[in-house]
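Residue numbers (the working numbering): -19 to 262. For every residue, glycine included, the Cβ atom is placed at its ideal position computed from N, Cα and C. Step one of this worksheet: look at the structure below.
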Amino acid sequence: MLVDCHIHMVLDGQDWKAAIARHRQTVDEGWIRCRLSHYQKLGFTYLRDGGDRWGVGKRARELAGEYGIVYRTPLAPLCRAGHYGGFIGEKYENLREYANLVAGNRENGADFIKIMISGLMDFDCFGVLTENGLEEAEIRELIHIAHEEGMAVMAHANGAETVIAAAEAGVDSIEHGAYLNEDALHAMKEAGTVWVPTLSTIGNLRGRGRFDENAVERILESAMQNVRLFAAMGGLLAPGTDAGAWAVPHGSLTEYALLKAVLEDETEMALKQGTEVIRQKF
């Protein structure tokens, strides 16, 4: 049985603007059913959505049981106005607005809270993020507020300092986690944070001609080395493709292949505990 701990049902892996437009007026149930059927045929039994503000993930959750799939969604991810995530999530200007969004998502049936606390990798430049992470104090408050509402927290986070701040604040899972150092890996390990490294978002770019190939290879090598170190520490890992991101189709099996290339024969054992924590908390 397969799981994908990070997907975006609203996206299609090709053109994010066109994908969102498909659902902007009303959720396209046919699209969702086609994707769920595909996941079912491949043997997926658990999907965790990264959220959207049009209700696509919410409708997918309502339908998923028909396909034998447990589906979890945060409803809309939450992001600070002016920072990464506004294209897909709900924006807040201050912590009071954020707290109101958290409470609203909880009341509307969110399974957990998704926060956006850093930028993306610049796939043309190794070691570069599109923007720095939020301040440590804000990250701590975001996680605290969600936990006070009884909600687990999934954090889109890249960069060592951002991940350390989130782990030390008790974040439940880190998504992506580019450019980590040993301090960040140890912080996640000590906090019991599950890392979902979404290697597919890098590995699937190879040979596509969209980004600098040398930069992509270096970014992937760095991520895989950190996964190897984290597993050796006994850290919690879980598979997640970020399906719907560019070049990552729904039902992609590349995450398992990339993780197996890192963890070799111990792949299943290394992922089992982290996957169970995800399923229990989220």
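request  = Please say whether His(-14) and Asp152 have beta carbons closer to each other than 8 Å?
outcome  = It is not a contact, given that the beta carbons lie outside the stated cut-off.
ask   = Taking just the CA atoms, how far does Leu114 sit from Glu42?
value = Rounded to whole angstroms, Glu42 to Leu114 spans 34 Å at the Cα level.
key: Leu216 burial status per 10 Å Cβ neighbour count (16 or more: buried)   = Label assigned to Leu216: buried.
task = With a threshold of 16 other CB atoms inside 10 Å of the CB of Asp245, please say whether the residue is buried or exposed.
result = Around the beta carbon of Asp245, fewer than 16 other beta carbons lie within 10 angstroms, which makes this residue exposed.
request  = Would you identify the three-state DSSP class for Ala40, choosing helix, strand or coil?
outcome  = In the structure shown, Ala40 sits in a helix (DSSP, three-state: H, G or I).
message = For Glu248, which residues in the same chain have their Cβ closer than 6 Å to its Cβ, ignoring the five residues on either side in sequence?
response = Closer than 6 Å at Cβ, skipping near neighbours: no residue.
ask   = How about Tyr72 and Leu58: are their beta carbons less than 8 Å apart?
value = Cβ atoms of Tyr72 and Leu58: closer than 8 Å.
key: Residue span of the alpha helix (DSSP H) that contains Ser180, given as start and end   = If you look at Ser180, you'll find it in the alpha helix (DSSP H) that goes Ser180 to Gly183.
query = Where do the N-terminal and C-terminal ends of the beta strand (DSSP E) with Phe24 fall, by residue?
reply = Phe24 to Asp29 is the span of the beta strand (DSSP E), which, as asked, contains Phe24.
task = Report the three-state DSSP secondary structure of Tyr78 (helix, strand or coil).
result = Look at Tyr78 here: in three-state DSSP terms it is helix.
message = Rounding to the nearest angstrom, what Cα-Cα distance links Asp104 and Ala132 in this structure?
response = Approximately 34 Å, taken between the alpha carbons.
Helix, strand or coil at Leu238 [DSSP, three-state] = It is helical.
Contact belief for Ala146 with Ile93 at Cβ below 8 Å, rounded distance in angstroms = That pair is no contact at about 13 Å.
query = Near Asp90, what residues of its chain come up, given a Cβ to Cβ distance below 6 Å and the 5 sequence neighbours on each side ignored?
reply = Note on residue identity: the sequence assigns Ala, not Asp, to residue 90. Pro54 and Leu55.
request  = For Asn85, count neighbouring C-beta atoms within 10 Å of its own C-beta (all shown protein chains included) and say buried if the count is 16 or more, exposed if not.
outcome  = Taking all protein chains in view, the Cβ of Asn85 is crowded by 16 or more other Cβ atoms within 10 Å, so the residue is classified as buried.
Opposing strand residues paired with Trp175 [DSSP bridges] = Paired residues: Ile154 and Leu217.
message = Whether or not the stretch 157 to 168 and the stretch 196 to 216 are in contact is what I'm after, with contact meaning three or more pairs of Cβ atoms, one per stretch, closer than 8 Å; do they touch?
response = Contact between the stretch 196 to 216 and the stretch 157 to 168 is present, because at least three Cβ pairs lie under 8 Å.
Endpoints, alpha helix (DSSP H) assigned at Arg186 = In the DSSP assignment, Arg186 falls outside any alpha helix (DSSP H) and carries neither an H nor an E.
Whether His124 touches Ala137 by CB criterion (8 Å) = Ala137 is positioned such that its CB atom lies no closer than 8 Å to that of His124.
task = Report yes or no: do the stretch 12 to 29 and the stretch 229 to 241 share at least 3 C-beta pairs separated by less than 8 Å?
result = The stretch 12 to 29 vs the stretch 229 to 241: in contact.
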